[in-house]
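Everything below concerns the one structure shown next.
There are 2 protein chains.
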Amino acid sequence: MVNFEKAGGLIPAVIQESGTGKVLMLGYMNAEAFENTLQTGKATFFSRSRNKLWVKGESSGHVLKVHDVLVDCDEDAVLIVAEQVGSGTCHNGYQSCFYRRVQSGTLVEAEPRAFDPDAVYAGVAPATKTRQE
Amino acid sequence: MVNFEKAGGLIPAVIQESGTGKVLMLGYMNAEAFENTLQTGKATFFSRSRNKLWVKGESSGHVLKVHDVLVDCDEDAVLIVAEQVGSGTCHNGYQSCFYRRVQSGTLVEAEPRAFDPDAVYAGVAPATKTRQE
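Residue numbers (the numbering used here), protein chains in the order written: chain P, 1 to 133; chain S, 1001 to 1133.
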């Protein structure tokens, strides 16, 4: 169904918000993370920096409730349509991790900040604040 | 602006259709492909199988005209909002490469076929028909 071996064990997973169609983030899944996503209905990634499974929102409460799972033609990328619980996906306080656009050779903010990351991640160890928590 | 080195030279690029918000495909870009995308306004990828730059649509005519380029918080993934010229993105004849969904443990078609790939890719060498052409 998905060819994890071809891609060295990890495939990119695009998260798209149900309803709005907004692309929220891109993470990586190994076979176990993909299976966990299907079984629990919560988007689960493999953290390359911490070398372990990571249920998105386990620190912040901002879980991604899975509505639909699509697989691409080459079976080496997935698209997860999900409901964003809480005010946003990005650890920097934005709805989407793609909150900046390229404009005249530089990056400019493309959406307003949606929440205060210091409040949401209060008490969370710095290492787990990164997107690849 | 984008950290290609961190990811070993290649970053994933998500293509989202302008207007509809439909996620059409995921490809990979190296620094040169990204620069070419910005300069020409046509989504350009690096083909891992052919080890060269690949302007999407150069065989099929189905180019992706870039409207917006967004970069994620970690600067190792990009989201390209683009206009799909022609009837679809996928070399299998669908609007989106993500044309199948996971349902009851198997893959089922999630959208109707949009065009006949044999007609669109007539005369194109088989090796260039793959998504990673």
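Glycine included, every Cβ here is placed at the ideal spot set by N, Cα and C.
Anticipated Cβ contact below 8 Å, Lys1042/S with Val1055/S, distance rounded: 5 Å
Short CB-CB distance (under 8 Å) between Gly1086/S and chain P: no
Residue of Gly21/P, Met25/P and Phe34/P minimising C-alpha distance to Asp76/P: Phe34/P
The region 80–92 of chain P contacting the region 1114–1124 of chain S, beta-carbon criterion three pairs below 8 Å: no
Lys1006/S at chain P interface by Cβ criterion, 8 Å: no
Where Phe98/P falls: helix, strand or coil (DSSP): coil
Residue burial classification, Arg100/P (beta-carbon count within 10 angstroms, cutoff 16): buried
Pairwise C-alpha distance: Tyr1121/S and Ile15/P: 31 Å
Counterpart residues of Met138/P in DSSP-defined beta bridges: Residue 138/P lies beyond the stretch modelled for chain P, which goes from 1 to 133, so this question has no answer here.
Rounded straight-line distance, which links the Cα of Thr1089/S to that of Asp72/P: 11 Å
Beta-carbon gap between Met29/P and Leu1107/S smaller than 8 Å: no
Simplified DSSP state of Ala119/P, which is helix, strand or coil: helix
Span of the beta strand (DSSP E) around Asp1068/S: Leu1064 to Val1071
Between the CA atoms of Ala1013/S and Val1136/S - distance to the nearest angstrom: Missing from the structure shown is residue 1136/S; chain S here goes from 1001 to 1133 and no further.
DSSP state of Glu1035/S mapped onto helix, strand, coil: helix
In DSSP terms, what Phe45/P is bridged to: Trp54/P
Opposing strand residues paired with Leu1079/S [DSSP bridges]: Val1014/S and Leu1070/S
Neighbouring residues, chain P, relative to His1067/S (Cβ below 7 Å): What His1067/S touches in chain P: nothing, since even the nearest Cβ is about 10 Å away.
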